[in-house]
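There are 2 protein chains.
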Amino acid sequence: MSLRERKAAKKKEDILRSASLVISRKGYHNATMEDIAAELLMTKGSLYYYFKNKEELLYRCHDLILSEAMKKMEEILSQEISSAKKMEMAIKFHLEVAIREKEIFNLIVKPEQIFSKEHLGEIVEKRAEYAEVFDRIIDEGVSKGEFSIEQKKMARMIILGATNWVQVWHSPEGEYSNEKIEEIYAAYLLKMLV
Amino acid sequence: MSLRERKAAKKKEDILRSASLVISRKGYHNATMEDIAAELLMTKGSLYYYFKNKEELLYRCHDLILSEAMKKMEEILSQEISSAKKMEMAIKFHLEVAIREKEIFNLIVKPEQIFSKEHLGEIVEKRAEYAEVFDRIIDEGVSKGEFSIEQKKMARMIILGATNWVQVWHSPEGEYSNEKIEEIYAAYLLKMLV
DNA sequence: AGTTATTTTGAATGCTTATTCAAAGTTAGT
DNA sequence: ACTAACTTTGAATAAGCATTCAAAATAACT
């Protein structure tokens, strides 16, 4: 890859990070292309040199963050540890991402309100894959006898709902540290499973 | 109250219901004043006869629905039943509202992205009051020895998060009935508390 | 240092919507 | 039936933003 190509790739990623940041702060609809560009001391026109339009940009943000998270989840899944331990790690990691990426990761909650058909399918699919990580841990735990859960789908919904919601109330100045929150959530949600 | 006043009051409420509906379907930013009016076979101009502007309209929607829900919660609180039973009822009722009012009740998740200062305070306060219902049940249950929970605030966050999240995935065509969902959620979340 | 391919710019365009308002239509109460 | 007060209308206004694009600036390579 030439120097130019590498520079362009870096710029693309810079833009994605900036977009994530601005969208986290203001929400998708209030984050203007100008805001995103300003964060990088660029002008909005330039963004269109790298991305077709705003939707494309958001789609790439979403994809980047979800892919990174997915990689980590795969790693947790493949470890040689108890299902309870896996679930604990998955919950903690998921909370970490949810807190860090607020808007992007969660609040694109009604993707059909934002994305056009081409992207929608991929997004829904990718999210389903991610959610499946939790299903797999639950299944494994149940068959090993570690968990006792009849309604596995609902259990997963409760876990993801509870953890996704964190970013609604979380504030960096809150009285609990992120680690503390992760500890408590993991403990209480595991209590529900066993 | 004169006939005219009563008619105007009814129209106001009709508009609020229509707005709730449209906003539920499309989300706040995609619900136009025209959509809201069209639902009632009116034109958007008329809406301004009843409400100052879109924000005011949304604020009133929010307020109406939350007030109704709050009334019911007070009633649950005052009954002579076990704390576990109260929590069960509160969870079930909350789910009912969350499913019915989707957007309005929950997805105004970042009120500061939508509301101006005047309304923001009242909204935050009213939501805090509502959340407190759950705190009170938890406190009561702990002191009666029915629940064993150290981190009461976190337990409440988990419960509200899990239940609020329902509207993200819920579909009327889903394989579970609302009642079934309510049953399972209440059972699993109570398991966490006791 | 010069040439050519990239990047960036910012002004112009156009679309979507909220909001206003004067005029037209409707209604409750006499 | 009349009329004064109330409602509705729809066309006009205005603001905010995404998107385009021709021209200017910059950088890589020889």
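These protein sequence lines map, in sequence, to chains A and B. Every position in the first sequence, counted from 1, becomes a number in the working numbering once 216 is added. Every position in the second sequence, counted from 1, becomes a number in the working numbering once 216 is added. Ideal placement from N, C-alpha and C gives every residue a C-beta, glycine not left out.
Pull up the distance between the alpha-carbon of residue i and that of residue j, whole angstroms please.
| i | j | result |
| --- | --- | --- |
| Glu-229/B | Val-238/A | 37 angstroms |
| Lys-242/A | Gly-390/A | 20 angstroms |
| Ala-412/A | Tyr-265/B | Residue 412/A lies beyond the stretch modelled for chain A, which goes from 217 to 410, so this question has no answer here. |
| Arg-343/B | Leu-376/B | 12 angstroms |
| Ile-365/B | Leu-405/B | 12 angstroms |
| Gln-268/B | Glu-255/B | Reading the sequence as shown, one finds Lys at residue 268/B and not Gln. The straight-line gap from Cα to Cα measures roughly 19 angstroms. |
| Ser-262/B | Glu-338/B | 27 angstroms |
| Thr-259/B | Arg-276/B | 20 angstroms |
| Ser-387/B | Trp-381/A | 19 angstroms |
| Thr-248/A | Ser-234/A | 12 angstroms |
| Leu-257/B | Ser-236/A | 40 angstroms |
| Lys-223/B | Met-373/A | 44 angstroms |
| Gly-357/A | Phe-321/B | 35 angstroms |
| Met-217/B | Ile-231/B | 20 angstroms |
| Ala-306/A | Trp-385/A | 21 angstroms |
| Lys-318/A | Ala-403/A | 22 angstroms |
| Glu-345/A | Ile-315/A | 20 angstroms |
| Val-331/A | Glu-271/A | The question names Val, but residue 331/A is Phe in the sequence shown. Between Phe-331/A and Glu-271/A, the C-alpha separation is close to 7 angstroms. |
| Thr-379/B | Met-303/B | 13 angstroms |
| Glu-398/A | Leu-273/A | 31 angstroms |
| Tyr-392/A | Glu-221/B | 51 angstroms |
| Glu-291/B | Val-349/B | 11 angstroms |
For a contact meaning CB atoms closer than 7 angstroms, what does residue i contact in chain B?
| i | result |
| --- | --- |
| Asn-246/A | Gln-329 |
| Lys-242/A | Gln-329 |
| Lys-326/A | Gly-243 |
Under 8 angstroms, Cβ to Cβ, is there at least one residue of chain A near residue i?
| i | result |
| --- | --- |
| Ala-371/B | yes |
| Ala-378/B | yes |
| Val-382/B | yes |
| Leu-282/B | no |
| Leu-237/B | no |
| Lys-342/B | no |
Residue i lies in the alpha helix (DSSP H); which residues open and close that run?
| i | result |
| --- | --- |
| Trp-385/A | 368-385 |
| Leu-311/A | 299-318 |
| Ile-252/A | 249-255 |
| Val-410/B | Careful: Val-410/B lies outside any alpha helix (DSSP H) and carries neither H nor E. |
| His-245/B | No alpha helix (DSSP H) contains His-245/B, which DSSP labels as neither H nor E. |
| Phe-350/B | 333-359 |
| Ile-292/A | 270-293 |
| Gly-261/B | 260-266 |
Please work out which residues of its chain come closer than 6 angstroms, Cβ to Cβ, to residue i, disregarding the five sequence neighbours upstream and downstream, and give them in chain order.
| i | result |
| --- | --- |
| Ala-285/B | Val-313 |
| Ala-408/A | The amino acid occupying residue 408/A in the given sequence is Met; Ala does not appear at that position. Around Met-408/A: no qualifying Cβ. |
| Asp-251/B | Val-238 |
Who are the Cβ neighbours of residue i in its own chain at under 8 angstroms, not counting the five residues just before and after it?
| i | result |
| --- | --- |
| Glu-336/A | In the sequence as displayed, the identity of residue 336/A is Leu instead of Glu. Closer than 8 angstroms at Cβ, skipping near neighbours: Pro-327, Glu-328. |
Just to make sure I have the definition right: I need the residues of chain A whose C-beta is within less than 7 angstroms of the C-beta of residue i. Which are they?
| i | result |
| --- | --- |
| Gly-361/B | Per Cβ cutoff of 7 angstroms: no residues; Gly-361/B is ~17 angstroms from chain A at best. |
Would you verify that the beta carbon of residue i is, or is not, closer than 8 angstroms to some beta carbon of chain B?
| i | result |
| --- | --- |
| Leu-405/A | yes |
| Met-305/A | no |
| Gln-295/A | no |
| Ile-374/A | yes |
CB-CB under 7 angstroms to residue i, same chain, minus the five flanking residues each way: which ones, in chain order?
| i | result |
| --- | --- |
| Asp-355/A | Lys-368 |
Residues of chain A with a CB under 8 angstroms from the CB of residue i: which are they?
| i | result |
| --- | --- |
| Ile-400/B | Gln-367, Met-370 |
| Met-408/B | Tyr-404, Leu-405, Lys-407, Met-408 |
| Ile-353/B | By Cβ distance, chain A contributes nothing, its closest Cβ being about 16 angstroms from Ile-353/B, past 8 angstroms. |
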